[in-house]
Amino acid sequence: EADIYQTPRYLVIGTGKKITLECSQTMGHDKMYWYQQDPGMELHLIHYSYGVNSTEKGDLSSESTVSRIRTEHFPLTLESARPSHTSQYLCASSESLQGYGYTFGSGTRLTVV
Amino acid sequence: SQQGEEDPQALSIQEGENATMNCSYKTSINNLQWYRQNSGRGLVHLILIRSNEREKHSGRLRVTLDTSKKSSSLLITASRAADTASYFCATDAGTGNQFYFGTGTSLTVIP
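Chains as they are written, first to last, in this note's numbering: chain F, 394 to 506; chain R, 4 to 114.
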């Protein structure tokens, strides 16, 4: 079983609320990623980090922000949730060296009403 | 976009049959990977193939890579109902750092 954990598993919140999706890994991976996936659709990279204090935006424009204060922790925050943020959010990590696959968490399914 | 495109979008077969899925991409790559996703869950890494490799095996999985055609295929032999899932290919666009995922093939294996 993968050693990367996402909480909560499901979240239903009202418009305008601030939320933080948690992602933690115990593998000591430097690289971590956040993907957004709508049902039956492809994954879109929204944020990534190559190590502590390193964060970058991905290809998909997102109103979320991330932080990387500790190697094992890569939370994603939405300051003001909107219905358009309804989606599944997947966190992943990988070894620093090239040629390794990603380890994914089980995802957080977010619904904004 | 570098994102791979899987073909077919959906595939339904009987248990015991082989399943073949294809992936095409647009630019040069260092690595290509295949992942499986069960409904509503995260992705599970299946196999990675490097650009200088042509074929790779892992259990009932066989992956081929043709860099001249910018395409890869995933073959699952002797399929089982538990193989029912979506399968995604991911390519690194030559960077080796970020991977770009395709739209996936939805496989249904009928018992």
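Cβ atoms here follow ideal geometry from the backbone N, Cα and C, with glycine treated the same way.
Since residue i and residue j are thought to touch, with beta carbons under 8 Å apart, how far apart are those beta carbons, to the nearest angstrom?
| i | j | result |
| --- | --- | --- |
| residue 414 of chain F | residue 453 of chain F | Not a contact, Cβ separation roughly 16 Å. |
| residue 9 of chain R | residue 108 of chain R | 4 Å |
| residue 54 of chain R | residue 33 of chain R | 6 Å |
| residue 112 of chain R | residue 87 of chain R | 5 Å |
| residue 64 of chain R | residue 52 of chain R | That belief does not hold up - the Cβ atoms of residue 64 of chain R and residue 52 of chain R are roughly 11 Å apart, past 8 Å. |
| residue 482 of chain F | residue 494 of chain F | Between residue 494 of chain F and residue 482 of chain F the Cβ distance is about 20 Å, and since that is not below 8 Å, they are no contact. |
| residue 57 of chain R | residue 46 of chain R | The pair is not a contact, with the Cβ atoms about 25 Å apart (cut-off 8 Å). |
Between residue i and chain F, is the shortest Cβ-Cβ distance under 8 Å, so that the two count as touching?
| i | result |
| --- | --- |
| residue 105 of chain R | yes |
| residue 17 of chain R | no |
| residue 110 of chain R | no |
I'd like to know whether the C-beta of residue i is nearer than 8 Å to at least one C-beta of chain R.
| i | result |
| --- | --- |
| residue 434 of chain F | yes |
| residue 488 of chain F | no |
| residue 499 of chain F | yes |
| residue 405 of chain F | no |
| residue 398 of chain F | no |
So which residues of chain F does residue i contact, with C-beta pairs closer than 9 Å?
| i | result |
| --- | --- |
| residue 60 of chain R | Within 9 Å Cβ-Cβ: nothing; residue 60 of chain R doesn't reach chain F, min ~16 Å. |
Taking only three categories from DSSP, how would you classify residue i?
| i | result |
| --- | --- |
| residue 478 of chain F | helix |
| residue 81 of chain R | coil |
| residue 86 of chain R | helix |
| residue 412 of chain F | strand |
| residue 70 of chain R | coil |
| residue 63 of chain R | coil |
| residue 57 of chain R | coil |
| residue 453 of chain F | coil |
| residue 4 of chain R | In this prediction, residue 4 of chain R scores a pLDDT of 48, lower than 50, which makes its location untrustworthy; the coordinate-derived value is nonetheless stated afterwards. Coil, per DSSP. |
| residue 76 of chain R | strand |
| residue 113 of chain R | strand |
| residue 424 of chain F | strand |
Could you list which residues in chain R have their beta carbon closer than 7 Å to that of residue i, in chain order?
| i | result |
| --- | --- |
| residue 504 of chain F | Those within 7 Å of residue 504 of chain F in chain R number zero; the least Cβ separation is about 13 Å. |
Given that residue i touches chain R, what residues does it touch there, using C-beta distances under 8 Å?
| i | result |
| --- | --- |
| residue 369 of chain F | There is no way to answer for residue 369 of chain F, as the model of chain F reaches only from 394 to 506. |
| residue 483 of chain F | 45 and 46 |
| residue 438 of chain F | 101 and 103 |
So, do the segment 444–461 of chain F and the segment 394–404 of chain F have three or more beta carbon pairs nearer to each other than 8 Å?
At 8 Å Cβ cutoff, the stretches do not touch.
Cβ contact check for the segment 426–435 of chain F and the segment 13–30 of chain R: 3 or more pairs under 8 Å
no
Do three or more CB pairs link the segment 11–19 of chain R to the segment 58–75 of chain R at distances below 8 Å?
no
Quick check: the segment 462–477 of chain F against the segment 404–421 of chain F, are there 3 or more CB pairs under 8 Å?
yes
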